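S.K.: Per the numbering used here, the sequence shown starts with residue 147, numbered consecutively.
So that we are looking at the same thing, I have put the structure below in structure tokens.
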Amino acid sequence: MGRPVQAKKCLLGIELTLPNNGTTRRAYEKPAKTTSARESRLNRLPESETLPPRPTESVSTDASASIVVTTGLTKRYGDFEALSKCSVQVTRGEIFGLLGPNGAGKTTLIRLLLGYLQPTEGEISVDGFDPRVDGVSLRERVAYLPGDARLPRHMRGRSVLKFFSEMHPHGSLERSLAVAETLELNIATRVAFMSTGMRQKLALAVVFGVHTPLLILDEPTANLDPTVRAAVLDLAMEARDQGRTVMFSSHVLSEIEETCDRVVFLRKGHLAHQLTMDDLFQRHRITADWPANPLQVPEALAGLVKLSVRERRGGKTLCIDTQGDLAPLLSWVDSLSLNHVRIEPLGLRAVYDSVHLGTKFDATTTSGTSEVAI
Ligand SMILES: Nc1ncnc2c1ncn2[C@@H]1O[C@H](COP(=O)(O)OP(=O)(O)OP(=O)(O)O)[C@@H](O)[C@H]1O
147 MGRPVQAKKC LLGIELTLPN NGTTRRAYEK PAKTTSARES RLNRLPESET
197 LPPRPTESVS TDASASIVVT TGLTKRYGDF EALSKCSVQV TRGEIFGLLG
247 PNGAGKTTLI RLLLGYLQPT EGEISVDGFD PRVDGVSLRE RVAYLPGDAR
297 LPRHMRGRSV LKFFSEMHPH GSLERSLAVA ETLELNIATR VAFMSTGMRQ
347 KLALAVVFGV HTPLLILDEP TANLDPTVRA AVLDLAMEAR DQGRTVMFSS
397 HVLSEIEETC DRVVFLRKGH LAHQLTMDDL FQRHRITADW PANPLQVPEA
447 LAGLVKLSVR ERRGGKTLCI DTQGDLAPLL SWVDSLSLNH VRIEPLGLRA
497 VYDSVHLGTK FDATTTSGTS EVAI
């Protein structure tokens with residue numbers, strides 16, 4: 147029979163439940179993902195034999211396909227709506243990106259998923275659990291890196307890894323040590339004497355040391371140099387290759403573009419847009435000198451192109467943003483007799499700017515602002 151619970155603490159998203167005698171009784175945490183050169187070393191490490199069992203569905207969802215489902219999720223602080231009617235689905239086995247400017251609601255969404263915040267309205271299912279009902283069991287199945295990971299300052303890196311690997315039922319010190327080595331972290335240093343980047347690496351080694359079906363990472367590459375950033379993204383991809391699901395927020399568009407299978411854009415608490423990377427890679431921008439004659443978009447292409455104009459160095463540039471197969475567009479572009487034609491992938495930057503600025507563009511417009519439509 148368990149002792150009465152005395153206190154709960156939360157370090158690095160790992161919930162520690164302390165019994166009356168003050169000894170640590172149980173803890174839960176959240177992880178990340180991996181790749182290549184280190185891959186063989188990490189693959190040698192013992193995986194947590196079996197993952198914790200999934201409960202019966204507490205919210206009606208397609209649990210086999212989606213590991214996270216929210217419906218109309220809303221979080222209000224007084225009159226302020228930090229998250230508004232947010233409905234998202236994260237497919238099992240994908241890397242799912244969360245994008246949005248500061249204050250958009252990314253961390254709020256993540257904390258609601260983990261049961262650290264209570265929703266004002268809406269439904270949540272995470273791997274079949276409702277965090278409001280069974281947050282503790284849910285956190286056995288989710289490895290979470292908070293944006294502001296707190297670690298015991300008096301401990302050395304190695305002790306921190308040992309401590310947390312023993313706390314989580316699916317933790318592995320061996321795996322955490324391998325990740326720390328991959329990230330070139332000196333684990334002999336006390337946390338108090340670590341740089342910000344070192345502490346981030348340590349937090350990542352803790353989180354990646356836990357084998358759970360879902361990893362939720364809040365800005366995992368913040369404060370890291372480019373080489374380590376790449377290693378962290380590799381870890382995420384490795385986790386996906388193992389069949390796990392990774393959800394991460396970032397302000398670095400190239401990271402999302404390189405790593406994610408799908409991305410959602412939050413803006414002022416609203417889910418403003420979502421797209422798959424496959425879709426993104428089908429989008430291109432054709433630029434050319436602004437033509438002397440007005441453009442006429444053929445009816446058949448009306449839904450496939452969006453036009454805008456950019457003012458640059460006193461001159462005007464025509465931008466034709468396209469979606470889908472370029473082949474049917476090229477003969478039309480050729481017929482326009484444009485000068486200095488260039489074709490390049492549209493990229494996440496353009497989509498992000500468009501969502502961020504909330505712009506819409508009429509495909510038939512032949513003049514106007516330089517904003518890109520999505
Ligand atoms: N406890 C709180 N009380 C009132 N407002 C809050 C509280 N927590 C968060 N907010 C507000 O909710 C909004 C969303 O915050 P959130 O931390 O989710 O944003 P974010 O997208 O993660 O931002 P960032 O990219 O800067 O980390 C912000 O305007 C924030 O000020």
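Glycine included, every Cβ here is placed at the ideal spot set by N, Cα and C.
Model, not experiment: these values are computed from the prediction.
Pull up the CB-CB distance for Ile-213 and Asp-273, whole angstroms please, since I reckon it's below 8 angstroms.
M.R.: Confirmed, Cβ separation roughly 5 angstroms.
S.K.: Can you have a look at Val-279 and say buried or exposed, based on whether 16 or more other CB atoms are within 10 angstroms of its CB?
M.R.: That one is exposed.
S.K.: What is the rounded straight-line gap between the Cα of Ser-341 and the Cα of Asp-435?
M.R.: Roughly 49 angstroms separates the two Cα atoms.
S.K.: Which residue marks the beginning of the alpha helix (DSSP H) containing Ser-283, and which one marks its end?
M.R.: From DSSP, the alpha helix (DSSP H) with Ser-283 extends over 277-286.
S.K.: Ligand 1 heavy atoms versus the CB of Asn-248: any closer than 7 angstroms?
M.R.: Yes - ligand 1 has a heavy atom lying nearer than 7 angstroms to the Cβ of Asn-248.
S.K.: Can you tell me where the beta strand (DSSP E) holding Gly-461 begins and where it ends?
M.R.: It spans 461-469 - the beta strand (DSSP E) in which Gly-461 sits, taken as one unbroken run.
S.K.: Identify every residue that forms a DSSP beta bridge with Gln-346.
M.R.: Per DSSP, none; premise fails for Gln-346.
S.K.: Any beta carbon from chain C within less than 8 angstroms of Phe-242's own beta carbon?
M.R.: This model lacks chain C altogether, as it is built from one protein chain only.
S.K.: With respect to the beta strand (DSSP E) encompassing Lys-231, which residues constitute its N-terminal and C-terminal limits?
M.R.: Looking at the DSSP string, the run of the beta strand (DSSP E) that includes Lys-231 is 226-232.
S.K.: Can you say whether Glu-240 is buried or exposed, counting buried as having 16 or more other CB atoms within 10 angstroms of its CB?
M.R.: With 16 or more Cβ atoms within 10 Å of its Cβ, Glu-240 is classed as buried.
S.K.: Give the list of continuous beta strand (DSSP E) stretches no shorter than 3 residues that lie fully inside the segment 381-407.
M.R.: Within the segment 381-407, the complete beta strand (DSSP E) runs of at least 3 residues are 391-395.
S.K.: Does His-502 come out as helix, strand or coil in the three-state DSSP assignment?
M.R.: Of the three classes helix, strand and coil, the one that applies to His-502 here is helix, per DSSP.
S.K.: Lys-308: beta carbon under 7 angstroms from a heavy atom of ligand 1?
M.R.: No - ligand 1 has no heavy atom lying nearer than 7 angstroms to the Cβ of Lys-308.
S.K.: Would you mind working out which of Ala-211, Leu-297, Pro-247 and Lys-231 sits nearest Glu-267, comparing C-alpha positions?
M.R.: Among Ala-211, Leu-297, Pro-247 and Lys-231, the Cα nearest to that of Glu-267 is on Lys-231.
S.K.: Please state whether the Cβ-Cβ distance between Val-337 and Pro-292 is less than 8 angstroms.
M.R.: Taking 8 angstroms as the Cβ cut-off, Val-337 and Pro-292 do not qualify as a contacting pair.
S.K.: So, helix, strand or coil for Phe-310, using DSSP?
M.R.: In this structure, Phe-310 counts as helix in the three-state DSSP scheme.
S.K.: Could you compute how far the alpha carbon of His-314 sits from the alpha carbon of Gly-218?
M.R.: Approximately 32 angstroms between the Cα atoms of the pair.
S.K.: Given this structure, state the Cα-to-Cα distance separating Gly-493 from Gly-246, to the nearest angstrom.
M.R.: Going by the C-alpha atoms only, they are around 16 angstroms apart.
S.K.: Cα separation between Ile-466 and Ala-385?
M.R.: Approximately 38 angstroms, taken between the alpha carbons.
S.K.: Out of Val-356, Arg-431, Ile-362 and Ala-228, which has the shortest C-alpha to C-alpha gap to Leu-307?
M.R.: When each option's Cα is compared against that of Leu-307, the closest is Val-356.
S.K.: Please state the DSSP three-state secondary structure of Lys-452.
M.R.: Lys-452: strand per DSSP, three-state reduction.
S.K.: By DSSP, does Thr-358 sit in helix, in strand, or in coil?
M.R.: The answer is coil: DSSP assigns Thr-358 none of H, G, I, E or B.
S.K.: Assuming Leu-412 and Ala-250 form a contact by the criterion Cβ under 8 angstroms, report the distance between their Cβ atoms to the nearest whole angstrom.
M.R.: Right, their Cβ atoms sit about 4 angstroms apart.
S.K.: Find out if the Cβ-Cβ distance for the pair Leu-370, Gly-343 is shorter than 8 angstroms.
M.R.: Result yes, Cβ atoms of Leu-370 and Gly-343 sit closer than 8 angstroms.
S.K.: Out of Glu-365, Ala-438, Leu-450 and Asp-425, point me to the one whose CA is closest to Leu-244's CA.
M.R.: Of the candidates Glu-365, Ala-438, Leu-450 and Asp-425, the one whose C-alpha sits nearest the C-alpha of Leu-244 is Glu-365.
S.K.: Can you give the Cα-Cα distance for Ala-448 and Ser-318, rounded to whole angstroms?
M.R.: Distance between the alpha carbons of Ala-448 and Ser-318: 55 angstroms.
S.K.: Starting from Pro-341, trace the alpha helix (DSSP H) in both directions and tell me its first and last residue.
M.R.: Pro is not the amino acid found at residue 341; the sequence shown has Ser there. Neither: Ser-341 is in no alpha helix (DSSP H) and is coded neither H nor E.
S.K.: Taking 8 angstroms as the cut-off, decide whether the C-beta atoms of Arg-390 and Leu-363 are in contact.
M.R.: Not a contact, by the Cβ cut-off of 8 angstroms.
S.K.: Just list the residues that DSSP pairs His-430 with in beta bridges.
M.R.: Answer is Thr-468 and Pro-491, bridged to His-430.
S.K.: Would you kindly report the start and end of the unbroken alpha helix (DSSP H) that includes Arg-321?
M.R.: Residues 319-328.
S.K.: The beta strand (DSSP E) that contains Thr-217, what's its start and end?
M.R.: First-last of the beta strand (DSSP E) with Thr-217: 212-223.
S.K.: Going by the CB atoms, is the gap between Leu-381 and Phe-339 shorter than 8 angstroms?
M.R.: Against a cut-off of 8 angstroms, the Cβ pair of Leu-381 and Phe-339 comes out as no contact.
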